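Residue numbers (our numbering): 73 to 229. Shown next, in structure tokens, is the structure this report addresses.
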Amino acid sequence: MADNARAKRLADLIREVVAQKLQRGIKDPRLGSQVTITDTRVTGDLREATVFYTVYGDDEERAAAAAGLESAKGVLRSAVGAAAGVKFTPTLTFVADALPDTAKTIEDLLDKARASDAKVREVSAGAQFAGDADPYRKPESDDESDTAPKTDGDAAE
């Protein structure tokens with residue numbers, strides 16, 4: 073079992089090699105410049121690598137990019153093997169990254185919360201307190217002697 077630092081270095085190398093090969097070495101029109109490699113993870117035994125990618129475009133372009141990556145898997149694995157210099161080149165699995173969709177969902181929720189906050193702020197702009205402005209009870213008499221704490225000497229009187 074390899075250590076985590078070695079797996080991390082290999083994952084970083086795989087991400088760079090695959091990105092460069094997609095940009096310069098693969099002539100598949102389905103891949104073009106719209107595919108972005110976002111992350112790579114390697115198993116502890118360095119046998120399998122999962123490459124996360126995003127595609128700029130609609131569902132058709134995403135499906136075409138997935139097919140293009142599957143067809144270029146052998147070429148990309150060869151390039152990784154040449155660059156890595158490890159005994160066994162990891163098998164590559166391409167997974168569409170859900171990060172952009174998740175980020176869009178979070179942004180939509182934040183926009184909804186901002187709109188709700190603005191609505192509450194607008195409603196409460198002219199509102200006043202239900203009771204007095206100072207909600208704390210005060211003694212009814214203004215006499216200082218009534219509000220002064222009693223001591224043991226006062227109790228004897």
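Virtual Cβ for every residue (Gly too), placed ideally from N, Cα, C. The model shown is predicted, which means the values in this text are computed figures rather than measured ones.
Query, Result
"Compute the beta-carbon to beta-carbon distance between ALA137 and LEU103, rounded to the nearest angstrom, for a pair I have assumed lies under 8 Å.", "6 Å"
"Would GLN95 and GLY129 be called neighbours here (beta carbons separated by less than 8 Å)?", "no"
"In whole angstroms, give me the CA-to-CA distance for ALA144 and ALA170.", "22 Å"
"Is DSSP giving ILE109 helix, strand or coil here?", "strand"
"Should PHE124 and VAL158 be called a contact, given that it needs their Cβ atoms to be closer than 8 Å?", "no"
"Once you ignore the five residues that flank ILE86 on each side, which residues in its own chain have a CB closer than 8 Å to its CB?", "THR112, VAL114, ALA121, VAL123, VAL152, ALA156, PRO162 and LEU164"
"Taking Cβ positions, are LYS80 and LEU148 nearer each other than 8 Å?", "no"
"Where does GLU120 fall in DSSP's three states?", "strand"
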